[in-house]
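Chains as they are written, first to last, in this note's numbering: chain A, 329 to 592; chain B, 2 to 294. Virtual Cβ for every residue (Gly too), placed ideally from N, Cα, C. This structure is a prediction, so every number in the text was calculated from the model and none was measured.
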């Protein structure tokens, strides 16, 4: 290694404080509910949520599916929408960045669709696809495709012009420049897009399921509200948050492995 | 590149002879061929918009979608009517105002809380050690997941919608002001130290102004998040606002109302994001490019 890692000693209080603060947070939450400062109809204590989680592992009542079935339905929708968004958004963005014809044709339509939040498509989607799997996939796709296109586009546009000029001097064709210069130099931005699109996908999934669903984690939350069971609402929120965090960590790991040699 | 050309033009106007020469080389015209006309970007823009509208019209008129797609013309007529007629007691302007008001309140509230907190976290390791772990617990949770619990807490009135917007905009605001300060080049601090400044000078003269662009990037993200949140909240439960318009259209199977509502949302969201970038340009004219942050 060319450099030595300098180890800075953290003061003990800085190591302990985060742990303390999380503990205090959960303790306060538990106490607020247990001591009836907040009515039990409005918030469930962490322990209640834990109990419900254990119960929901096997018991499909009262919302018709176990927690894993909900999670599986949601994950499948999110995954399909996400993959489609990557598959269409990234190539489109890359092409838009380099080929002016593609840019000229695709840009106005993209700019028309971009400011509409994917949530606003829900009613139209319900008309077109019903409340099944593909409606939600469509919503997630819409949410994911926008950051994919933008990031891939910006990534290509940020290619070092000197490199492009050099390639031209050596007689490279447009396609060769695109393939060997623009795409690799856009990769870090593309990976940024993977993260953003995933976060979008997850947000929109919950939105889509709030409105039109019969299974899934978002549906679990909605049912919790309809049945006035705050523990179910919180369980759904925690499950969505945990799953999102887990996928985020996974992508981070993949990104670090793949981009090991690229300087940011 | 565009900036460079502007500079060159600016110099040219002052009558500097060297700049004139540079301008001549930069502005050399390519010969006008058919290929160049056909591949002109602006022409392609026009072509693509017209093709889009025609396709839309054809798809709607052919009945392939059944009643599930209105033609552009129907949408236009429907909305001309709504300018004066009322839907649930409000004209279209009233609904726009209802949504905009919610966004504004939630947005201001969240940024007033999140930006100072983010700055504090970045400047003081102890504040960071206390707040960051709790914040990290909430961060991956999509704001829309909060809708149910906010309805349980605040009912279906205004407070629950503003709460959702605050939750949604809080995270990007805080993250960006936090990262904005942390990613400042240490050289800038060194300058203050060399000039004999105190910690306070560092904060006022470096940390704040240098984090501005990042904060504004966060505000832009927050704004689009706020639109998503307000729509979701209005879709779930409301009697006014743009989300209400489209969900009403869904309930009475009025596609032109739904599509028109979406277009209005797009326009209003676009205008609001223009407002924020306008504010950004006035407040930090030195803005650097922070893409990839």
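Check                                                                                                                                                                                 : Outcome
In terms of residues, what are the limits of the alpha helix (DSSP H) holding residue 581 (chain A)?                                                                                  : 558-586
Would you please state the rounded distance, in angstroms, between the beta carbons of residue 549 (chain A) and residue 566 (chain A)? I believe it to be under 8 Å.                 : Not confirmed; about 10 Å, so no contact.
Taking the DSSP output, what are the residues bridged to residue 88 (chain B)?                                                                                                        : B:91
Check whether chain B comes within 9 Å of residue 323 (chain A), counting only Cβ atoms and requiring the distance to be less than that.                                              : No statement about residue 323 (chain A) is possible, as the shown extent of chain A runs from 329 to 592 and does not include it.
Anything in chain B within Cβ reach of residue 357 (chain A), meaning under 7 Å, just list it in chain order.                                                                         : Residues of chain B passing the Cβ test: none, with the nearest at roughly 10 Å.
Taking Cβ-Cβ distances below 9 Å as the criterion, which residues of the segment 399-429 of chain A are in contact with chain B?                                                      : 428 and 429
Please report how far the alpha carbon of residue 360 (chain A) lies from the alpha carbon of residue 71 (chain B), in whole angstroms.                                               : 52 Å
Which residues, taken in chain order from the segment 353-379 of chain A, show a beta carbon closer than 7 Å to some beta carbon of chain B?                                          : 353 and 370
Please classify residue 37 (chain B) as buried or exposed, where buried requires at least 16 other C-beta atoms within 10 Å of its C-beta.                                            : exposed
Which bits of chain B does residue 569 (chain A) rub up against, with CB to CB less than 7 Å?                                                                                         : 141 and 142
Which same chain residues, not among the five before or five after residue 404 (chain A), have their C-beta less than 8 Å away from its C-beta?                                       : 461
Answer yes or no: do residue 97 (chain B) and residue 443 (chain A) have a C-beta to C-beta separation smaller than 9 Å?                                                              : no
Hey, is residue 53 (chain B)'s beta-carbon within less than 9 Å of any beta-carbon in chain A?                                                                                        : yes
How is residue 498 (chain A) classed by DSSP in three states: helix, strand or coil?                                                                                                  : coil
Classify residue 493 (chain A): buried if its beta carbon has 16 or more other beta carbons within 10 angstroms, exposed otherwise.                                                   : exposed
How many whole angstroms separate the CB atoms of residue 277 (chain B) and residue 243 (chain B), which I take to be in contact at a CB cut-off of 8 Å?                              : Contact doesn't hold; Cβ gap of about 18 Å is too wide.
Using a Cβ-Cβ cut-off of 9 Å, state whether residue 250 (chain B) counts as contacting chain A.                                                                                       : yes
Interface residues of chain B around residue 390 (chain A) at Cβ under 8 Å?                                                                                                           : Simply none; closest approach about 15 Å.
Quick check on residue 129 (chain B): buried or exposed, where buried means 16 or more other Cβ atoms within 10 Å of its Cβ?                                                          : buried
Could you give the distance in angstroms between the alpha-carbon of residue 384 (chain A) and the alpha-carbon of residue 279 (chain B)?                                             : 50 Å
Name the chain B residues that come within less than 9 Å of residue 538 (chain A), Cβ to Cβ?                                                                                          : 145, 146, 148, 149, 233, 236 and 237
Can you tell me whether residue 203 (chain B) is buried or exposed, with buried defined as 16 or more other CB within 10 angstroms of its CB?                                         : buried
In the segment 34-45 of chain B, which residues sit with their C-beta less than 8 Å from some C-beta in chain A, listed in chain order?                                               : 40, 41, 42, 43, 44 and 45
Can the beta-carbon of residue 79 (chain B) be found less than 9 Å from the beta-carbon of residue 219 (chain B)?                                                                     : no
Pairs of beta-carbons, one from the segment 113-120 of chain B and one from the segment 166-181 of chain B, closer than 8 Å: are there three or more?                                 : yes
Could you pull out every unbroken alpha helix (DSSP H) segment of at least 4 residues lying fully inside the segment 183-230 of chain B, listed in chain order?                       : 187-195 and 200-203
Where does residue 164 (chain B) land, buried or exposed, given buried means 16+ other C-beta within 10 angstroms?                                                                    : buried
Quick one: residues in its chain with C-beta nearer than 6 Å to the C-beta of residue 15 (chain B), no 5 flanking neighbours on either side, listed in chain order?                   : Low per-residue confidence applies at residue 15 (chain B): pLDDT is 42, beneath 50, and the placement is therefore not dependable, though the value from the model is reported in the following sentence. For residue 15 (chain B), where only same-chain residues beyond five positions count, there are no Cβ hits under 6 Å.
Report the three-state DSSP secondary structure of residue 163 (chain B) (helix, strand or coil).                                                                                     : helix
Quick one: grab the DSSP three-state call for residue 448 (chain A).                                                                                                                  : helix
Where does residue 504 (chain A) fall in DSSP's three states?                                                                                                                         : helix
Just to confirm my understanding: we take residue 505 (chain A), look at its own chain, exclude 5 residues before and 5 after, and list those with CB closer than 8 Å. What are they? : 426, 492, 495 and 496
Given that a residue counts as buried once 16 or more other Cβ atoms are within 10 Å of its Cβ, and exposed if not, what is residue 84 (chain B)?                                     : exposed
Using alpha carbons as the reference points, say which of B:227, B:246 and B:94 lies closest to residue 295 (chain B).                                                                : One cannot answer for residue 295 (chain B) here, as it falls past the ends of chain B, which runs 2 to 294.
For residue 59 (chain B), which three-state DSSP category applies?                                                                                                                    : helix
Closer than 8 Å by C-beta to residue 285 (chain B): which residues in its own chain qualify, once you throw out the five before and the five after it? Chain order, please.           : 210, 213, 214 and 217
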